[in-house]
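Input: a single structure, listed below in C-alpha cells.
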Amino acid sequence: MIHQFKMAGYNIVLDICSGSVHVVDEIAYDIIAMFENHKKEDIISSLKEKYSDVDVNDIEECFCQVESLKNNNKLFTPDTFESKAGDLKAKTSGVIKALCIHIAHTCNLNCEYCFASQGKYQGERALMSFETGKQALDFLIANSGSRKNLEVDFFGGEPLMNFDVVKQMVEYARSIEKEHNKNFRFTLTTNGMLIDDDVIEFANKEMSNVVLSLDGRKEIHDRYRVDYAGNGSWEKIVPKFQKLVEARGGKDYYMRGTFTHANPDFLNDIKQMLDLGFTELSMEPVVCAKGDPSELTEEDMPIVKEQYEKLAELMLEKDKEGKPFTFYHYMIDLTGGPCIYKRISGCGSGTEYMAVTPWGDLYPCHQFVGDEKFKLGDIWNGVDNTEIQNEFLSCNVYARPDCHDCWAKLYCSGGCAANAYHATGSIKGIYKYGCELFRKRMECAIAVAVARAFSGEN
Amino acid sequence: MEHIKTLETRNLCDSAKNGGCGECQTSCQSACKTSCGIANQQCESTKESK
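What follows is the structure, given as C-alpha cells:
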C-alpha cells in the first residue's frame, strides 16, 4: 500500500508497510500512481504524451527507479504484518506499565465541554486517599513484569485539588522504585488555577511532563473554561503557566488546548500561545456527545483541515526565523519512531494502560471511567472482568475492518477505542470524523519532516 | 536524472525482528488524552542509542 500527496511544494509518496518516505518529481509521481494497475508500455506512452518535452529515455529511466524501489521493498511493500498482528500485540501485553490516576473527581472550573462532566465522571465528587494511591503504585509495580519505565499521570478533575496526596504518592514511589528496579515517570495535567510556588517547585522537580490546559485566545478560552460563578480563568492562569514554564528549565511540558465548533480557526489560538512565550503546543479536537453545541460539524471540517496546513506552513516559517516550536501531532521521528509492535498495538488501553478511580476501581482508560460495564476490577484484587479485558487485548489495528484499506493505519494504530465506542458502540469501530482529521495531521507532519530534511539542501 | 529522493526512515519490516520491548511511552499519557495516534511517539531503545 502506498499514499501519495502534494504539500509544501513537495510530491510525497509513502510506502506504508516499509515506512519509507519518498520525495519525487512529477514524472515519478505519475508513474507511481499508475504502476500497480497498468502495463509498462501504457505508462510510458501515457507519460510521453503528458510530458512531450521530456526525453523518453528519461521517463524509462524513472520507471526503472520505481521498479528498483519496489524490488528493494521500499515501494509497494506487501503487508506481511496482518497474520502476525495478534502475536505482535501479545508480545507487548500481559503487563501493566501505565496508570492514569484519577486523584480528584472534582474540579474548580466548570467547563461546559468537559468530557468528564466537570471532573465528576457522571458520579459523585471524590478525592483519592493516600492509602488508595499507595495501593495503586504497589499494584502497578506488582503487575509491571520486566518493564522498567512506569508512567503515572495525575489526572482529574483537577489533580491539584488533591495536591498533598500527589506529593505523598510521588514520595512513596521514589522510596521504592530502586529496590524494584523501576523508573517512575510522572505527569500532571492541570487547569492551572491552583499553581503556586510550591506546585512549581514540586512539578519541575518530579514531573517528567506537565500538561497545561489553555485554549488560546482569551475569548475562546473563557467561553468554556469558567469557574462556578461563570468567570473566565484566562487572566488568572496565564501568568501562572508562564512562571511554571520559565522555571521548568527546558523540561517537557505541553500547552494543551481544545478546539470546538466555536474556534475551528484554531491557528489563531496557537499563535496566541506563541505570543505568550509558549513553544510546546498541542491542540485537540473536542470530544463530546453527539449534538453538543461544541461539537465540530461537517462545515467545520474544511476549515480545520486548512488550519492544519497553515499550521505546517507556520512551523516552517518559524524554523527559518530561528524560533521553532513543537506541535504535538506534528512530532514525527522518521528514523527513531515506533516499531511495528507499537504501530499495531495502539494505545494499550485496558491492557498495559489503565485508569484508576479515586476509590481504586480499574477502567480501560480515563475515557471509560463512569461507564460501569467497562469496570475491569480494582487495585486490591486486580482485573476480574476478563471478558472486557480480552476485548481490549484483541483490539489491534487489523481487528478494525474500517482500517483495512486506510493508508494511515500504521501511523494511528487504529485510533482511540473510546472515540470508536462513542461513535459506533464498538471499540473496534472507528470515529470517522477523527480519522479524517488524523490523516490530514499526518500528511502535514510528514510534509514538515520532509521540508526540514531538505531545508539544508536549499 | 534523479527523480526520487528517499528519506532515511526506520524500516518497519526490520523492526518486527528487534522491536517490541514495550518501554516506550503509552501514547495517551502525554498531551492528547483524547485522540490517539502513535506516530509521534519515540522508540525508547533508539532514543537511548542516539
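Taken in sequence, the protein lines are chains A and B. Each number in our numbering comes from the position in the first sequence (counting from 1) with 4 added on. Each number in our numbering comes from the position in the second sequence (counting from 1) with 3 added on. For every residue, glycine included, the Cβ atom is placed at its ideal position computed from N, Cα and C.
Here residue 301(A) is not bridged, per DSSP, to any residue. A Cβ-Cβ contact shorter than 7 Å links residue 285(A) with residue 277(A). Close to chain B, meaning a Cβ-Cβ distance shorter than 7 Å, is no residue of the region 381-411 of chain A at all. Scanning the region 336-407 of chain A from its first residue to its last, the whole alpha helix (DSSP H) runs of 4-plus residues come out as 344-349, 390-397. Cβ proximity to chain B below 8 Å picks out 344, 345, 346, 347, 350, 351, 352, 353, 356, 357, 369, 370, 371 from the region 344-373 of chain A. Note on residue 178(A): under 16 other CB atoms within 10 angstroms of its CB, so exposed under the neighbour-count rule. Residue 55(A) carries a coil assignment under DSSP once its states are collapsed to helix, strand and coil. Contacts with chain B (Cβ-Cβ distance below 8 Å) from the region 444-455 of chain A involve 445, 446, 449, 453, 454, listed in chain order. Residues of chain B with a Cβ closer than 8 Å to the Cβ of residue 277(A) do not exist; the shortest Cβ-Cβ separation is about 13 Å.
DSSP lists 216(A), 285(A) as the bridge partner or partners of residue 259(A). Contact with chain B is found for residue 415(A), since one of that chain's Cβ atoms lies less than 7 Å from the residue's Cβ. Not flagged as an interface residue toward chain A: residue 20(B), since no C-beta distance is shorter than 7 Å.
Excluding residues up to 5 positions away in sequence, 79 lie with their Cβ nearer than 6 Å to the Cβ of residue 73(A) in the same chain. Nearest Cα to residue 5(B) within the set 58(A), 220(A), 69(A), 127(A): 69(A). Counting C-beta atoms within 10 angstroms of its own C-beta, residue 390(A) has fewer than 16 neighbours from the protein chains shown and is therefore classed as exposed.
In the assembly as shown, residue 126(A) is an exposed residue. Its beta-carbon has fewer than 16 other beta-carbons within 10 Å.
Around residue 73(A), the beta-carbon contacts reaching into chain B at under 9 Å are 7, 9. Annotated three-state conformation of residue 99(A) is coil, per DSSP. Look at residue 22(A): its C-beta is under 7 Å from a C-beta on chain B.
For residue 125(A), no chain B residue has a Cβ inside 7 Å of its Cβ, as the nearest lies near 14 Å away. Runs of the beta strand (DSSP E) lying entirely within the region 140-222 of chain A, each at least 3 residues long, are 153-160, 187-194, 211-217 in chain order.
Neighbours of residue 110(A) in chain B, taken as residues whose beta carbon is under 8 Å from its own, are absent, since the nearest beta carbon is some 18 Å off.
Under the Cβ criterion of 7 Å, residue 335(A) is counted among the residues facing chain B. At the C-beta level, residue 354(A) and residue 366(A) stay beyond 7 Å of one another.
Along the region 188-216 of chain A, going in chain order, the ones with a CB nearer than 9 Å to a CB of chain B are 189, 191, 193, 213, 215.
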